[in-house]
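A.B. asks: Mapped onto the working numbering, the consecutive letters of the sequence shown carry residue numbers 469 to 1381. Even glycine gets a Cβ: it sits at the ideal position worked out from N, Cα and C. For clarity, every value in this text was computed on a predicted model and none was experimentally measured.
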Amino acid sequence: MEASAGLVAGSHNRNELVVIRREGEAAGRKPLENLSGQTCQICGDDVGLTAEGELFVACNECAFPICRTCYEYERSEGNQVCPQCKTRFKRLKGCARVEGDEEEDGVDDLENEFNFVGRRRDTQDMQYIAEGMLQGHMTYGRAGDADMLPQVVNTMPTVPLLTNGQMVDDIPPEHHALVPSFLGGGGKRIHPLPFSDPALPVQPRSMDPSKDLAAYGYGSVAWKERMENWKQKQEKLQVMNENGGKDWDNDGDGPDLPLMDEARQPLSRKLPVPSSQINPYRMIIIIRLVVLGFFFHYRVMHPVNDAYALWLVSVICEIWFAISWILDQFPKWLPVDRETYLDRLSLRYDKEGQPSQLSSVDIFVSTVDPLKEPPLVTANTVLSILAVDYPVDKVSCYVSDDGAAMLTFEALSETSEFARKWVPFCKKFNIEPRAPEFYFAQKIDYLQDKVLTSFIKERRAMKREYEEFKVRINALVAKAQKVPEEGWTMQDGTPWPGNNVRDHPGMIQVFLGQSGGHDTEGNELPRLVYASREKRPGFNHHKKAGAMNALVRVSAVLTNAPYLLNLDCDHYFNNSKALKEAMCFMMDPLLGKKVCYVQFPQRFDGIDRHDRYANRNIVFFDINMKGLDGIQGPIYVGTGCVFRRQAFYGNDAPKTKKPPTRTCNCWPNWCCCGCCFSGRKKKKTTKSKSEKKQKFRRLDSGAPVFALEGIEEGIEGIESEKSTMLSEKKLEKKFGQSPVFVASTLLEDGGTLKIASPASLLKEAIHVISCGYEDKTDWGKEVGWIYGSVTEDILTGFKMHCHGWRSIYCIPDRPAFKGSAPINLSDRLHQVLRWALGSVEIFLSRHCPLWYGYGGGLKWLERLSYINATVYPWTSIPLVAYCTLPAVCLLTGKFITPEVWESRQLIFFRMPP
């Protein structure tokens, strides 16, 4: 993904693709195709050089320029002839042999002589399954797609030195135990080991020293040394514990042992609320329930015949209030707090001096109208993202401009330039927060605690740089107030593709990428991508939910990080370690596999001391959400949430394996009790029947056993091919017609496909943001953000919980994110009205929690919380009616309560409301 590619705009439906470069790019940077002198005529990439440093020549007859990857693909999957002279390609040195190759005397390549392509595919590796699935779908009727054809990759090294998926550093390659495998080159074994075919090549594989040697039948040369080292460390650890943790031989190895044990501990911990605090609250709820029961018993059993209609309305309203109270109270029954351990996360996944093993994160920022959402606010959010305390190669920021405004594009371009100075300043002095507007607005004495003079000088210089940056952004805003009649034009005179907001192509610009994304000190910066999806008249674009789904597809094509974080354009990183806080839950080996998202509370700046508009929502964020975290997790509130990408694809949560059923111990072993004997007997008889059937089949046949197995596996192979074709069609129907995106959905741990060039990925990214891509797919129904409500956040989280996922509520000591709250009553009322309208839409849809999701993984207390979130707007109707009843009673002279004629009835009138 090249940062110098320029603005890529196009439409898949109209077969248009335009690259608009910024001024000075063509002259300032040398094009890639001029590095070696020739460009591949198939994919457009550099032809490349051979191992000897000479120009790669595929065809010796006409020297038609073809790169090595296209050459290997044509030999393995194509027609094996040169596109120009139609001469059959000969095998070159270092290339695998394919069927039809004749003996060449001039090629001395014994290493790859018998390395057939068909034997190299590992069917158990999802990376290569995805690439193989992508192979047959890259040409789907579009012109110019030849540059996106995948190439066959050698997936099996000659001598693999990987042990259990990780490189063993302390065992040299010559000490690896090589165990012969008679399974062939990736195919299935159709006969037992005693009948091995000597014609099959023997493929060595490395032995895992942590496993039992009997599983291999061979011993490792380094196994004895590893065992001796392990025993010495254990003895040393025992001596350290006896000496109070001191290093007894002063060799410097002492601190490593406790760190090793620390890295194995959980990354987070659940802290239940103390019983002294929660039990009184539970007792009050129970007492109120009992009193409520007596109250309704009296109200129902003593109707008012003189004003029966008024009495009936009052009872209905009171019942509704009681149900609303119950729905609000019971989800708070099990509140919990959580604590994270960032030091353990670093010890396990981010050790100093070693490549970071933290998972990649794609961060989404959505904006629509730059006049209502100031570009300076969006720029501060982006700057805080680029300066986050996380490995730079693991962070990618995607900005969705759903208004296709040139003002947003130009402001983001200025932001990317200022980030080259701001990011190294933040990381050098470890400042908080890392949004410059809010950092420089802090009223803190920077001269206390003996601050270095270099920091004071650099801070003053950086503040001047930021003031100049603000002047440039404000100048762009002032210029955008008056739109020219002919529309906006770019620096090179090209008309801005988004001049018509409702009719424009999709646009993608990589501002900071793998090349060109470096700060002033030469360090790499995180990726920054601008994206604006295609819009055409007659299509339903689904507002914010549709824009977020477009970002899901774009990010999957370009970076495909396993985790996503979505932020509103006015929410910035107040805590630079927020991503690591979320990874303590997501990457936890025990808890993380079933977590679909980690929700952070919303905190706001600019709220007055009395909070007159209740923007803090203390009851919701500090009480209700903690209660939900003790059940199945908090609801999704629209921003400040880290997601697992696979949860967006409509997948069910991994189910926990149930322990084996235990027989009851209520009777002695010699007693045949019905509760345990019947099931055991049935299982035994079933097993004996299957054994007899299998034995009869073997005895009845005269052919060897492995021949039957081979026939069966041949049939299974045909059936597997048919099932694979059906599964591919189902995936295309579910995710759309992009083979790159469909293949990326199979990679649970993320990562991009290695077979596509950056240019082809950008072209495919334009395809997935086209306006008609989601037609006749599951997008918005089962995949991605769910459509059907303006509060798509609640609906999306509800669908994930119905699939069995759980969520986590994380409240770090320093607030993770901060945003801007409504500053006047009209904005606040508009916000509350939008929330209420979205809840009503969910209540009237098929996704209503009252009748949707039964039989899935949604817990009943969690369902009550979602019911409360969708029915609360309807409370306004009984509330207005109940408040009107006193006035109606005074006007009509009829009252909703019976006359007091017994002393015991006075109790209900003395009860507090």
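DSSP on TRP1247, reduced to helix/strand/coil?
C.D. replies: Here residue 1247 corresponds to residue number 779 of the sequence shown, with the count starting at 1. Three-state result, TRP1247: strand.
A.B. asks: Should THR962 go down as buried or exposed, given a rule of 16 or more other Cβ atoms within 10 Å for buried?
C.D. replies: Walking along the sequence shown from the start, residue 962 turns up at place 494. So THR962 ends up on the exposed side.
A.B. asks: Assuming SER1383 contacts MET1051 (C-beta within less than 8 Å), just tell me the rounded distance between them.
C.D. replies: What is shown of the chain runs 469 to 1381, which leaves residue 1383 out entirely.
A.B. asks: Answer yes or no: does any C-beta atom of chain C fall closer than 7 Å to that of VAL951?
C.D. replies: Reference to chain C is not applicable here, since this structure consists of a single protein chain.
A.B. asks: Could you tell me if the beta carbon of THR846 falls within a distance shorter than 6 Å of some heavy atom in the ligand MG?
C.D. replies: With respect to the ligand MG, the structure offers nothing, as it holds no ligand at all.
A.B. asks: Please classify ASN747: does DSSP put it in a helix, a strand, or coil?
C.D. replies: Position 279 of the sequence shown holds residue 747. In the structure shown, ASN747 sits in a helix (DSSP, three-state: H, G or I).
A.B. asks: Can you tell me whether ASP1281 is buried or exposed? The criterion is at least 16 other CB atoms within 10 Å of its CB, across all chains shown.
C.D. replies: The sequence position of residue 1281 within the sequence shown is 813, counting from 1. Answer is exposed; the Cβ neighbour count stays below 16.
A.B. asks: Please state if the CB of LEU1214 and the CB of VAL1258 are separated by a distance shorter than 7 Å.
C.D. replies: Locating residue 1258 in the sequence shown gives position 790, counting from the first residue. Locating residue 1214 in the sequence shown gives position 746, counting from the first residue. No; because the gap between Cβ atoms is not below 7 Å, this pair is not in contact.
A.B. asks: Is the CB-CB distance between PRO803 and VAL741 below 7 Å?
C.D. replies: Mapped onto the sequence shown, residue 803 falls at position 335. Mapped onto the sequence shown, residue 741 falls at position 273. Contact: yes.
A.B. asks: Considering Cα atoms alone, identify which of GLN959, ASN848 and LYS895 is closest to PRO859.
C.D. replies: Taking the first residue of the sequence shown as position 1, residue 859 is located at position 391. The option with the nearest alpha carbon to PRO859 is LYS895.
A.B. asks: In three-state terms, what does DSSP make of GLN506?
C.D. replies: For the purposes of this step, residue 506 is taken as the residue at position 38 of the sequence shown. Residue state, collapsed to three classes: coil.
A.B. asks: Among the candidates PRO1290, TYR1334 and THR849, whose CA atom is the shortest distance from the CA of VAL1105?
C.D. replies: Reading the sequence shown from its first residue, position 637 is the one you call residue 1105. Closest option to VAL1105, Cα to Cα, is TYR1334.
A.B. asks: Can you tell me whether ILE853 is buried or exposed? The criterion is at least 16 other CB atoms within 10 Å of its CB, across all chains shown.
C.D. replies: If you number the sequence shown from 1, residue 853 lands on position 385. Per the 10 Å Cβ criterion, buried.
A.B. asks: When we look at the beta-carbon of ASN502 and count the other beta-carbons within 10 Å, is it buried (16 or more) or exposed?
C.D. replies: On the sequence shown, position 34 is the one that residue 502 refers to. Residue confidence for ASN502 is low, a pLDDT of 37 falling below 50, so the modelled location carries little weight; the figure read from the coordinates is stated next. Result: exposed.
A.B. asks: Assign ALA449 to buried or exposed, taking buried as 16 or more other Cβ atoms, counted over all protein chains shown, within 10 Å of its Cβ.
C.D. replies: The shown model of the chain, from 469 to 1381, leaves out residue 449, and the question about it has no answer.
A.B. asks: CB-CB under 6 Å to TYR1241, same chain, minus the five flanking residues each way: which ones, in chain order?
C.D. replies: Along the sequence shown, one-based indexing puts residue 1241 at 773. Taken in chain order, the residues that qualify are GLY1204.
A.B. asks: Hey, out of VAL997, LEU1318, PRO1226 and TYR866, whose CA is closest to CYS1270's CA?
C.D. replies: Your numbering for residue 1270 matches position 802 in the sequence shown. Nearest option by C-alpha distance: LEU1318.
A.B. asks: Helix, strand or coil for CYS538, going by three-state DSSP, please let me know.
C.D. replies: Within the sequence shown, the letter at position 70 stands for residue 538. Reduced to three states, the DSSP call for CYS538 is helix.
A.B. asks: Examine the Cβ distances between the segment 833-841 and the segment 969-978 and report whether three or more of them are shorter than 8 Å.
C.D. replies: No, the segment 833-841 is not in contact with the segment 969-978.
A.B. asks: Check the DSSP bridge columns for GLN1067 and list the partner residues they point to.
C.D. replies: Position 599 of the sequence shown, counted from the first residue, corresponds to residue 1067. Bridge partners of GLN1067: CYS1109 and TYR1277.
A.B. asks: Please work out which residues of its chain come closer than 6 Å, Cβ to Cβ, to PHE1266, disregarding the five sequence neighbours upstream and downstream, and give them in chain order.
C.D. replies: Residue 1266 sits at position 798 when you count from the first residue of the sequence shown. TYR1334, listed in sequence order.
A.B. asks: Which residue or residues does DSSP assign as beta-bridge partners of THR835?
C.D. replies: Counting from one through the sequence shown, the residue named residue 835 turns up at place 367. THR835 pairs with ASP869.
A.B. asks: Decide if GLN822 is buried, meaning its Cβ has at least 16 other Cβ atoms within 10 Å, or exposed.
C.D. replies: In the sequence shown, the residue the question calls residue 822 occupies position 354. Flag for GLN822 reads exposed.
A.B. asks: Note down the Cα distance separating PRO965 from MET874, rounded to an integer number of angstroms.
C.D. replies: In the sequence shown, counting from the first residue as 1, residue 965 sits at position 497. In the sequence shown, counting from the first residue as 1, residue 874 sits at position 406. Whole-angstrom Cα-Cα distance: 9 Å.
A.B. asks: Checking the sheet assignment: what are the DSSP bridge partners for PHE1072?
C.D. replies: As a first step, residue 1072 must be located in the sequence shown, where it is residue number 604. Note: PHE1072 sits in a beta bridge opposite GLY1287.
A.B. asks: Distance, Cα to Cα, GLU1049 vs CYS1278?
C.D. replies: Numbered from its first residue, the sequence shown carries residue 1049 at position 581. Numbered from its first residue, the sequence shown carries residue 1278 at position 810. One C-alpha to the other measures close to 8 Å.
A.B. asks: List the endpoints of the continuous alpha helix (DSSP H) containing LYS931.
C.D. replies: One-based indexing of the sequence shown puts residue 931 at position 463. Counting along the chain, the alpha helix (DSSP H) containing LYS931 begins and ends at 921-947.
A.B. asks: Quick one: Cα of SER1344 to Cα of PRO1069, how far?
C.D. replies: Taking the sequence shown and counting its residues from 1, one reaches residue 1344 at position 876. Taking the sequence shown and counting its residues from 1, one reaches residue 1069 at position 601. Each residue's Cα considered, the two are about 27 Å apart.
A.B. asks: Bridge partners for ALA477 per DSSP, in chain order?
C.D. replies: Sequence index remark: in the sequence shown, residue 477 carries index 9 (1-based). Partner(s): VAL486 and MET975.
A.B. asks: Where does SER824 sit, in a helix, a strand or coil, going by DSSP?
C.D. replies: Within the sequence shown, the letter at position 356 stands for residue 824. Coil.
A.B. asks: Out of LEU880, VAL863 and SER1288, point me to the one whose CA is closest to PHE1072's CA.
C.D. replies: As a working note, residue 1072 is residue 604 in the sequence shown. Per the Cα distances, SER1288.
A.B. asks: What is the DSSP secondary structure of CYS1143, reduced to helix, strand or coil?
C.D. replies: Indexing the sequence shown from 1 puts residue 1143 at position 675. In this prediction, CYS1143 has a pLDDT of 42, which is less than 50 and means its spatial position is unreliable; nothing more can be read from the coordinates.
A.B. asks: Quick one, which of PHE897, VAL850 and PHE1007 has its alpha-carbon nearest TYR1040's?
C.D. replies: The residue labelled residue 1040 in the question sits at position 572 within the sequence shown. Comparing Cα positions, the closest option is VAL850.
A.B. asks: In terms of alpha-carbon separation, which member of GLN1100, ASN1119 and THR1245 lies closest to SER1275?
C.D. replies: Position 807 of the sequence shown, counting from 1, holds the residue named residue 1275. Considering only alpha carbons, the answer is GLN1100.
A.B. asks: Hey, could you find the ends of the alpha helix (DSSP H) LEU1033 is sitting in?
C.D. replies: Counting from 1 along the sequence shown, the entry for residue 1033 is found at position 565. LEU1033 -> not in any alpha helix (DSSP H); beta strand (DSSP E) instead, spanning 1031-1036.
A.B. asks: DSSP on ALA999, reduced to helix/strand/coil?
C.D. replies: Taking the first residue of the sequence shown as position 1, residue 999 is located at position 531. Note: ALA999 maps to strand in three-state DSSP.
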